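Read the sequence shown against my numbering and you will find it ends at 273, with the numbers running on by one and no gaps.
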Amino acid sequence: MRNLNSLTKSLSVPAIHVVTVHAPSRSYFGGRPHLPKGTAWPVWRGRRLGFLARLSLSEINAVRTIEWLPPTGALLFFYDIEEQPWGFDPEHRGSCAVLHVQDLDEPLSPSSEVEEGMSFGRTNVAFKEIEVLPSTERPEVVALDLSEEEINGYEELSNDPFQGLPRHQVGGLPTPVQDDGMELECQLVSHGLNCGDSAGYNDPRAKQLMPGVKDWRLLFQIDSDDDMGMQWGGSGTLYVWIREDEARIGNLGNPWLIAQSF
Numbered sequence: 012m013r014n015l016n017s018l019t020k021s022l023s024v025p026a027i028h029v030v031t032v033h034a035p036s037r038s039y040f041g042g043r044p045h046l047p048k049g050t051a052w053p054v055w056r057g058r059r060l061g062f063l064a065r066l067s068l069s070e071i072n073a074v075r076t077i078e079w080l081p082p083t084g085a086l087l088f089f090y091d092i093e094e095q096p097w098g099f100d101p102e103h104r105g106s107c108a109v110l111h112v113q114d115l116d117e118p119l120s121p122s123s124e125v126e127e128g129m130s131f132g133r134t135n136v137a138f139k140e141i142e143v144l145p146s147t148e149r150p151e152v153v154a155l156d157l158s159e160e161e162i163n164g165y166e167e168l169s170n171d172p173f174q175g176l177p178r179h180q181v182g183g184l185p186t187p188v189q190d191d192g193m194e195l196e197c198q199l200v201s202h203g204l205n206c207g208d209s210a211g212y213n214d215p216r217a218k219q220l221m222p223g224v225k226d227w228r229l230l231f232q233i234d235s236d237d238d239m240g241m242q243w244g245g246s247g248t249l250y251v252w253i254r255e256d257e258a259r260i261g262n263l264g265n266p267w268l269i270a271q272s273f
């Protein structure tokens, strides 16, 4: 078997692992979003979306700067946790929302109580810089022509940065549960093509939309997490994507969420 460390060294990309902590923080899963006065709670199909997380951009940037994100403020993530739309249908637009708001003045002390009306108890988080590898479906990995033994070793290398913890992640490349083609899926579905089967991919408009695939960036990957009571389908994962050109100008109002499950 070839030396996988040297073989894959050039393939890794930086990302930020989101880990739970029992310490004060401006970033957390669950609890209350602390919406600024005058900011409406996101609604979809007549009901409030569930609140997932609040991430402080200053705390993220203290670990690693993501150049296409705003340098200050906080990002609030919402999702329809009741229906849990998969994201392959254009009609799922609005089932995920991201708000860019002012950061909290002070860090919040740890708390795990589930407040009335909230989906999850608050769990504070911190950020850790890691390097992640592309999945074995990505062209740069396919080009390596890995043997079965090498694929097993590659998957072990891919797991190492997370140290057995849930794969909550900001930026970088996704850890797909199913197919690794989410940038294409986001581009097509957000432009009106249903990707629940092959029809959307084979639609004549798909070819015209291909140039925009490269603009999509993984904003936030939210793993299932038993400790927090978060389950996405059968131990699946949520992937929140955003267009880089929009994020660079502070427009985070058009995210697309893809859900995948075992």
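Idealized CB from N, CA, C, for every residue including glycine.
Computed from a prediction, not measured in an experiment: that's the story for all the values here.
Out of the options, which one is the CA nearest neighbour of residue i?
i	options	result
Gln-219	Gly-164, Pro-150, Leu-199 and Ala-210	Leu-199
Arg-59	Phe-88, Val-24 and Lys-225	Phe-88
Ser-23	Trp-267, Ser-169, Gly-211 and Gln-189	Ser-169
Gln-242	Pro-145, Ala-270 and Asp-116	Ala-270
Arg-37	Glu-255, Leu-119 and Leu-46	Leu-119
Phe-138	Arg-43, Glu-94, Ile-77 and Gly-223	Ile-77
Leu-263	Gly-41, Glu-124 and Trp-227	Trp-227
Val-112	Ser-146, Ala-73, Val-125 and Lys-48	Lys-48
Compute the Euclidean distance between the alpha carbons of residue i and residue j, then round it to the nearest angstrom.
i	j	result
Leu-15	Ala-34	37 Å
Ile-162	Lys-20	15 Å
Pro-53	Ala-108	7 Å
Glu-257	Ser-246	31 Å
Lys-225	Glu-140	24 Å
Gly-192	Glu-151	14 Å
Leu-110	Ala-154	39 Å
Specify the secondary structure class of residue i as computed by DSSP and reduced to three states.
i	result
Val-29	strand
Ala-12	First, the amino acid is wrong: residue 12 is Met here, not Ala. It is coil, neither helix nor strand.
Phe-173	helix
Leu-229	strand
Lys-48	coil
Asp-256	helix
Met-239	helix
Could you tell me whether the Cβ atoms of residue i and residue j are closer together than 8 Å?
i	j	result
Asp-100	Gly-61	no
Ile-233	Thr-248	yes
His-28	Gln-180	yes
Ser-12	Glu-102	This sequence places Met at residue 12; Ser is not what is there. No. Outside cutoff.
Arg-133	Tyr-39	yes
How would you write the range of the alpha helix (DSSP H) that residue i sits in, first residue to last?
i	result
Thr-19	15 to 19
Asn-72	68 to 74
Leu-199	193 to 201
Gln-219	215 to 220
Val-153	150 to 153
What are the boundary residues of the beta strand (DSSP E) that residue i is part of?
i	result
Ile-162	Here Ile-162 belongs to no beta strand (DSSP E); instead the alpha helix (DSSP H) covers 159 to 170.
Val-109	107 to 112
Val-143	134 to 143
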